[in-house]
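Visitor: Quick one: this structure, given as structure tokens, is what I'll be asking you about.
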Amino acid sequence: MSVLTPFRLDTAVGAVTVRRGGSGGPAPLVYLHSASGEGASVPMLEDLADDRAVVAPEFPGFGDSEGLDRIEDIEDAAFHLLDVLDRLGLASADLVGMSLGGWMAAELAVRWPERVRRLVLVNAVGLYVEGSPITEIFGRPLDELAGELFADPEFPLAQLMRELAKAEQDPSAVPFELLRPMLQAQAATAKLGWRPYLHDPKLPGRLGRIAAPTLVVHGVRDGIVPAAHARAYAEAIPDARLVELDHAAHLAVLERPVELAALVREHVGT
Amino acid sequence: MRFFSFHLMPYPDLPAGYDGPAWITCPNRFYDPALGAQLYNRYIDELLYAEELGFDGVCVNEHHQNAYGTMPSPNLIAAVLARQTSRVRIAVVGNALPLYDPPTRVAEEFAMLDCISGGRLIAGMVVGGGPEYYSFSLNPAQARERFAEAHDLIIRAWTEPGPFEFIGKHYKLRYVNPWPRPLQQPHPEVWIPGAGSVETVEFVARHRYAYMGIPYFHIDMFDRMFSLMREACRSEGYEADPLQLGWLVPIFVAETDSEARRRYEEHFWYFVRRLLPGINISPPGYTSVRSVENIVKGLRSFALHLQSWDEVVAGQYAIVGSPETVTELLTANIERLGVGNLLGLFQLGTLPAQDTRRNLELFASEVMPRLRDRFGATTVAGAPGAGSAPGAGVAEVAR
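Going down the list, the sequences are from chains A and B.
When the letters of the first sequence are read in order and numbered with my numbering, they come out as residues 1 to 270.
When the letters of the second sequence are read in order and numbered with my numbering, they come out as residues 1 to 399.
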């Protein structure tokens with residue numbers, strides 16, 4: 001397992017944190033995190049960094065990344081990520097996007113297909129599928145949400161969320177410092193995905209522009225994004241294949257790092 | 001000192017078996033339009049009665065898709081009041097500005113109300129409650145920005161000759177030129193309700209408007225809110241006029257203390273346990289993380305957490321008792337808080353019509369005169385918020 005080291009990167013909207021580790025490989029792998037803002041410790045990335053360069057930018061509004069005040073919607077997000085690629089000198093990268101990050105990766109890939117060598121979308125939001133709504137994530141009790149994000153109720157983060165849920169009954173039960181990152185992450189996500197709810201009506205018509213071979217992963221126990229969304233991505237992207245991951249819920253990157261790393265390696269090569 | 005009768009127009013008939021929130025997702029099959037038809041007319045009568053009894057004003061407010069307050073359009077109720085009253089100030093507290101797009105709609109409707117009422121409108125402006133951002137699918141991350149921009153647009157629409165162009169971040173209007181213009185010049189008195197967020201208090205102080213403390217908190221919270229407001233005014237280089245401060249509180253008067261509690265308590269608990277749940281929903285980005293921290297701390301003193309009547313009494317969440325008791329409690333609090341506007345909720349939850357009327361009568365005949373003796377009669381000329389200096393007040397009404 002290689003360690004990812006954080007550094008600050010100045011961008012057009014403000015300074016953001018980027019984590020970087022490993023070297024070589026077929027192309028640099030850029031990981032775009034979910035609405036949970038997982039960044040500091042993602043074992044799957046440390047694993048992948050053993051045989052390639054891995055870069056994980058933290059989106060404005062998450063952690064201590066600045067610039068959310070200059071980002072209004074998903075298109076601004078795509079332009080920000082293009083800016084990040086430029087400043088990191090990445091002419092072409094393998095993009096892996098988790099949930100919200102998957103949506104951003106798709107928005108980037110439809111606009112600048114030449115910048116994406118391989119694409120992996122894990123339980124990506126971004127589409128509206130009639131009859132298969134994305135579960136409400138805003139303002140939901142954290143213990144309920146934990147059951148939709150994780151397949152195993154004993155997974156440490158699921159347990160933490162159930163602990164934090166107690167704060168909703170008695171604010172003094174939980175130190176505010178524990179809640180702060182989650183509130184920040186929710187606020188940043190709301191800015192991009194409150195309305196339309198976690199999708200871009202223009203995205204489906206543009207998915208045909210994606211040139212990269214694409215792997216679409218759906219966690220079969222995902223309680224947030226229904227399987228129909230993965231199918232819709234896989235059908236609309238010209239060179240895409242769909243893989244259903246058993247025992248995985250929404251945050252598959254965290255809960256099933258070994259299986260997912262294997263799928264990523266198989267798709268992007270070594 | 002000015003006395004207002006504030007009505008929420010609550011829905012008093014949620015099914016006994018329903019224990020969900022009264023907001024956003026409370027199923028609207030529970031709303032019985034036949035009952036609603038009676039309620040609107042009854043509630044309007046209760047507001048009209050306040051004028052007859054000598055109140056200085058009446059207040060209505062805006063909420064959507066909920067059982068707590070059934071006035072999605074307070075302007076409609078205010079229009080009825082404008083015609084059916086002749087003397088009282090009509091305070092719409094307020095219009096949730098980000099819910100009107102373009103917000104020149106507010107400038108227009110408020111100007112209509114001001115003209116129809118002969119210059120009696122008080123123009124309340126609010127960000128809108130957290131639940132409204134769900135009910136309107138409006139991005140909460142833009143709530144404060146939209147409010148500030150809409151406010152500027154409305155004030156300009158009232159005070160600058162039209163047509164002019166307004167190109168803001170959220171509103172882009174090539175022709176701003178509202179007909180009618182408000183009767184009160186330069187514009188009606190402006191009230192802003194708030195729950196103690198520093199940003200709101202500073203905004204109100206800067207514009208020399210009046211700040212209405214949002215109710216259902218422990219009395220100490222109001223003390224902090226109004227101290228904050230006075231400090232903010234001092235930072236702007238002036239002393240807050242008491243008429244820039246309003247305290248909104250449930251009030252119930254009966255012949256004796258025990259009679260008051262006996263008649264009132266169950267209706268109060270219906271309000272707290274059935275209508276308040278859900279009001280405190282704060283969508284992500286609606287307030288800064290720093291403010292959320294304060295709000296989380298403050299929540300413990302919010303009425304939603306009340307368990308016993310002793311706590312209600314101790315925190316003065318409602319002022320309930322004989323005329324003597326109510327006079328005494330209100331006197332002490334008005335002195336402590338330094339407010340010049342008392343906004344009473346005389347109907348709450350399931351409180352029936354007869355009890356509401358009796359409550360209003362006893363308050364008007366037994367309590368209000370004593371408070372007027374103590375704190376002075378209305379000085380409308382001193383009302384804040386319409387001029388550039390405190391006390392410049394509600395400017396002349398051209399009749």
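Just so it is clear, CB atoms sit at the ideal spot from N, CA and C, and this is done for glycine as well.
Computed from a predicted structure; not experimentally measured.
For a minimum of 4 consecutive residues, which ranges assigned as the alpha helix (DSSP H) are wholly contained in the region 196-259 of chain B?
Guide: If we require 4 residues or more, the alpha helix (DSSP H) runs fully inside the region 196-259 of chain B come out as 198-207, 219-235.
Visitor: With a cut-off of 8 Å, does the C-beta of Ile281 (chain B) fall near any C-beta of chain A?
Guide: Translated into positions along the second sequence, residue 281 (chain B) becomes position 281. Yes, Ile281 (chain B) counts as interfacial toward chain A.
Visitor: When you compare each of B:Ala157, B:Ile251, B:Val127 to Gly349 (chain B) by their alpha carbons, which one comes out closest?
Guide: Reading the second sequence from its first residue, position 349 is the one you call residue 349 (chain B). Looking at the Cα atoms, B:Ile251 is the closest of the given residues.
Visitor: Exposed or buried, Phe3 (chain B), counting other C-beta atoms within 10 Å across all chains shown (16 or more means buried)?
Guide: Against the second sequence, residue 3 (chain B) aligns to sequence position 3. Buried is the call here.
Visitor: Taking the C-alpha atoms as reference points, what is the distance between Ser2 (chain A) and Leu248 (chain B)?
Guide: Locating residue 2 (chain A) in the first sequence gives position 2, where the first residue counts as 1. Locating residue 248 (chain B) in the second sequence gives position 248, where the first residue counts as 1. So the two alpha carbons sit approximately 60 Å from each other.
Visitor: For Met182 (chain A), which beta-bridge partners are listed by DSSP?
Guide: Your numbering for residue 182 (chain A) matches position 182 in the first sequence. Answer is none; Met182 (chain A) lacks a bridge partner.
Visitor: From Thr11 (chain A) to Ala195 (chain B), what distance separates their C-alpha atoms?
Guide: Position 11 of the first sequence, counted from the start, is the residue given in the question as residue 11 (chain A). Position 195 of the second sequence, counted from the start, is the residue given in the question as residue 195 (chain B). Cα to Cα, Thr11 (chain A) sits roughly 37 Å from Ala195 (chain B).
Visitor: Excluding the 5 residues flanking Gly269 (chain A) on each side, which residues of the same chain have their C-beta closer than 7 Å to its C-beta?
Guide: Locating residue 269 (chain A) in the first sequence gives position 269, counting from the first residue. Closer than 7 Å at the Cβ level, and outside the excluded window around Gly269 (chain A), lie Pro26.
Visitor: Along the chain, where does the beta strand (DSSP E) containing Gly194 (chain B) start, and where does it finish?
Guide: In the second sequence, the residue the question calls residue 194 (chain B) occupies position 194. From DSSP, the beta strand (DSSP E) with Gly194 (chain B) extends over 190-194.
Visitor: So which of A:Val264, A:Arg111, A:Val174 has the shortest CA-CA distance to Leu203 (chain A)?
Guide: Residue 203 (chain A) sits at position 203 when you count from the first residue of the first sequence. If we check each option's Cα against that of Leu203 (chain A), A:Arg111 comes out closest.
Visitor: Locate the beta strand (DSSP E) running through Ala56 (chain A), then write down its first and last residues.
Guide: The residue labelled residue 56 (chain A) in the question sits at position 56 within the first sequence. Here the beta strand (DSSP E) through Ala56 (chain A) covers 54-57.
Visitor: Could you check the C-alpha separation between Tyr18 (chain B) and Trp158 (chain B) for me, to the nearest Å?
Guide: Along the second sequence, read from residue 1 onward, the residue named residue 18 (chain B) stands at position 18. Along the second sequence, read from residue 1 onward, the residue named residue 158 (chain B) stands at position 158. Roughly 46 Å between the two C-alpha positions.
Visitor: So which of B:Ala82, B:Leu121, B:Gly128, B:Ala91 has the shortest CA-CA distance to Leu99 (chain B)?
Guide: Taking the first residue of the second sequence as position 1, residue 99 (chain B) is located at position 99. Closest by alpha carbon: B:Gly128.
Visitor: Give a yes or no on whether 8 Å exceeds the smallest Cβ distance from Pro284 (chain B) to chain A.
Guide: Position 284 of the second sequence, counting from 1, holds the residue named residue 284 (chain B). At least one chain A Cβ lies under 8 Å of Pro284 (chain B).
Visitor: Quick one: residues in its chain with C-beta nearer than 7 Å to the C-beta of Phe222 (chain B), no 5 flanking neighbours on either side, listed in chain order?
Guide: Start at 1 with the first residue of the second sequence, and residue 222 (chain B) comes out as number 222. The residues are Gly213, Trp247, Leu337.
Visitor: Let me see if you follow: with CB-CB separation under 8 Å, is Ser301 (chain B) close to chain A or not?
Guide: In the second sequence, the residue the question calls residue 301 (chain B) occupies position 301. No, no contact with chain A.
Visitor: Any C-beta of chain A within less than 8 Å: which residues of the region 196-213 of chain B qualify?
Guide: Those residues of the region 196-213 of chain B that come within reach of chain A (Cβ to Cβ, closer than 8 Å) do not exist; the list is empty.
Visitor: From Ser36 (chain A) to His218 (chain A), what does the alpha carbon distance come to, in whole angstroms?
Guide: Numbered from its first residue, the first sequence carries residue 36 (chain A) at position 36. Numbered from its first residue, the first sequence carries residue 218 (chain A) at position 218. Ser36 (chain A) and His218 (chain A): Cα-Cα distance of roughly 18 Å.
Visitor: For Asn75 (chain B), which residues in the same chain have their Cβ closer than 6 Å to its Cβ, ignoring the five residues on either side in sequence?
Guide: Mapped onto the second sequence, residue 75 (chain B) falls at position 75. Answer for Asn75 (chain B): Glu109, listed in chain order.
Visitor: For the structure I just gave you, are there three or more beta carbon pairs, one from the region 357-364 of chain B and one from the region 225-243 of chain B, closer than 8 Å?
Guide: Not touching, per the Cβ criterion.
Visitor: Could one say the Cβ of Asn294 (chain B) lies closer than 8 Å to chain A's Cβ atoms, at least one of them?
Guide: Taking the second sequence and counting its residues from 1, one reaches residue 294 (chain B) at position 294. Judged by the 8 Å Cβ criterion, Asn294 (chain B) is not in contact with chain A.
Visitor: So is Val220 (chain A) buried or exposed if we call it buried at 16+ other beta carbons inside 10 Å?
Guide: Numbered from its first residue, the first sequence carries residue 220 (chain A) at position 220. So Val220 (chain A) ends up on the exposed side.
Visitor: Which residues, taken in chain order from the region 81-100 of chain B, show a beta carbon closer than 7 Å to some beta carbon of chain A?
Guide: Those would be none; no residue qualifies.
Visitor: Taking all protein chains shown into account, decide if Gln307 (chain B) is buried (16 or more other Cβ within 10 angstroms of its Cβ) or exposed.
Guide: For this step, residue 307 (chain B) is matched to residue 307 along the second sequence. Classification for Gln307 (chain B): exposed.
Visitor: Among B:Ala50, B:Pro15, B:Tyr175, B:Arg29, which has the Cα closest to the Cα of His7 (chain B)?
Guide: Here residue 7 (chain B) corresponds to residue number 7 of the second sequence, with the count starting at 1. Measuring from the Cα of His7 (chain B), the nearest candidate turns out to be B:Ala50.
Visitor: Might you give, ordered along the chain, the residues of its own chain that have their beta carbon closer than 8 Å to the beta carbon of Leu164 (chain A), omitting 5 neighbours on each side?
Guide: By one-based count along the first sequence, residue 164 (chain A) stands at place 164. Correct list, in chain order: Leu142, Val174, Leu178, Leu179, Met182.
Visitor: Of all the options B:Gln84, B:Tyr171, B:Pro186, B:Ile279, which has the alpha carbon lying nearest to the alpha carbon of Ala123 (chain B)?
Guide: As a working note, residue 123 (chain B) is residue 123 in the second sequence. Among B:Gln84, B:Tyr171, B:Pro186, B:Ile279, the Cα nearest to that of Ala123 (chain B) belongs to B:Pro186.
Visitor: With 8 Å set as the bound, which would you pick, yes or no: does the beta-carbon of Val289 (chain B) sit closer than that to a beta-carbon of chain A?
Guide: As a first step, residue 289 (chain B) is located in the second sequence; it is residue number 289 there, counting from the start. Chain A, which has a Cβ nearer than 8 Å to the Cβ of Val289 (chain B), makes this yes.
Visitor: Mind listing the chain A neighbours of Pro140 (chain B)? Cutoff is C-beta to C-beta under 7 Å, in chain order.
Guide: Your numbering for residue 140 (chain B) matches position 140 in the second sequence. Those within 7 Å of Pro140 (chain B) in chain A are Ala190, Trp194.
Visitor: Going by C-alpha distance, which of B:His170, B:Pro102, B:Pro193 is nearest Asn61 (chain B)?
Guide: One-based indexing of the second sequence puts residue 61 (chain B) at position 61. Ranking the options by Cα distance to Asn61 (chain B), first place goes to B:Pro193.
Visitor: In chain order, what residues of the region 174-186 of chain A put their CB closer than 7 Å to some CB of chain B?
Guide: Against chain B - using a Cβ distance shorter than 7 Å - the residues of the region 174-186 of chain A are Phe176, Arg180, Leu183, Gln184, Gln186.
Visitor: Starting from Asp239 (chain A), trace the alpha helix (DSSP H) in both directions and tell me its first and last residue.
Guide: Here residue 239 (chain A) refers to the residue found at position 239 of the first sequence. First-last for Asp239 (chain A): undefined, no H or E at that position.
Visitor: Compare the Cα-Cα distances from Ala405 (chain B) to each of B:Asp114, B:His218, B:Glu165, B:Ser235 and report the closest residue.
Guide: Summary: the structure shown does not reach residue 405 (chain B), with chain B confined to residues 1 through 399, and so no result is reported for it.
Visitor: Is the shortest distance between the beta-carbon of Gly39 (chain A) and the beta-carbons of chain B less than 8 Å?
Guide: In the first sequence, counting from the first residue as 1, residue 39 (chain A) sits at position 39. No, because no Cβ of chain B sits closer than 8 Å to the Cβ of Gly39 (chain A).
Visitor: Report yes or no: is there a C-beta of chain A within less than 8 Å of the C-beta of Ser135 (chain B)?
Guide: Within the second sequence, numbered from 1, the residue matching residue 135 (chain B) stands at position 135. False, the Cβ-Cβ gap to chain A never drops below 8 Å.
Visitor: For the alpha helix (DSSP H) containing Pro6 (chain A), name the first residue and the last one.
Guide: One-based indexing of the first sequence puts residue 6 (chain A) at position 6. Per DSSP, Pro6 (chain A) belongs to no alpha helix (DSSP H); it is in the beta strand (DSSP E), 5-10.
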